[in-house]
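Everything on this sheet refers to the single structure shown next.
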Amino acid sequence: MTVGDKIKNLRLKKKYTLDELGKLIDSSRQTLYKYEQGIITNIPKEKIELLAKALGTSPAYLYGWDSDEGYYFDENTREIAEDIFENDNLRILFDASRNASPEDLQLVTNLLLNLKERE
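Here it is, written out as C-alpha cells:
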C-alpha cells in the first residue's frame, strides 16, 4: 500500500472530505488528491506530520516503516489527543499545563471539576 493509499483510506475512515482534510493541514483539495493518487510522491515531511496528526496515526505508518496505523495504544487516549488537536482552547490549556508545577495542575484540576459539577 502506498503513502497515498494510506492517506485516502484513513481520510475515508474519519469521514473527511478532501476539502476538510485540506483545511486541517493547510493544503488544497487538489494537492491532497495528487497525494492520494500518487501523482505527487515526494510529500514534504511537514505535511506528512500534519497528515498523521489529522488522521490519528504516525508518520512512520504513512511512510510504511510501521505496520500499525494506530498511533495511540487505547481509544480513549486517541480521542483525547484528537480533541486537543482540533480545539484551540484545549490546545492552549494543554500547552500551558506542560510547565506547570504538580500543585498548580492539581489546583486547576480541582477548579475544572468544581465547574463541571455545577452543570
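My numbering puts the first residue of the sequence shown at 528, with every later residue one more than the last. We put the CB at the ideal spot given by N, CA and C, even for glycine. Please read all numbers here as calculations on a predicted model, not as lab measurements.
| Query | Result |
| --- | --- |
| Cβ pair count under 8 Å reaching 3, the stretch 616-628 against the stretch 568-576 | no |
| Secondary structure, beta strand (DSSP E): runs of 3+ residues fully inside the stretch 559-590 | none |
| Helix, strand or coil at Ala608 [DSSP, three-state] | helix |
| Contacts around Gly531, its chain only, beta-carbon distance under 7 Å, and the 5 residues preceding and following it disregarded | Tyr562, Glu563, Gln564 and Gly565 |
| Neighbourhood of Leu638 by C-beta, 8 Å cutoff - its chain only, sequence neighbours within 5 removed | none |
| Residue-level contact to chain C via CB, Glu547, 8 Å cutoff | The displayed structure is made up of one protein chain only, and chain C is not part of it. |
| Thr558 versus Ser628: straight-line alpha-carbon distance, rounded | 43 Å |
| Close-in-space but distant-in-sequence residues of the same chain around Leu642 (CB under 8 Å, 5 per side omitted) | none |
| Arg625, DSSP secondary structure in three states | coil |
| C-alpha gap between Tyr588 and Arg645, whole angstroms | 43 Å |
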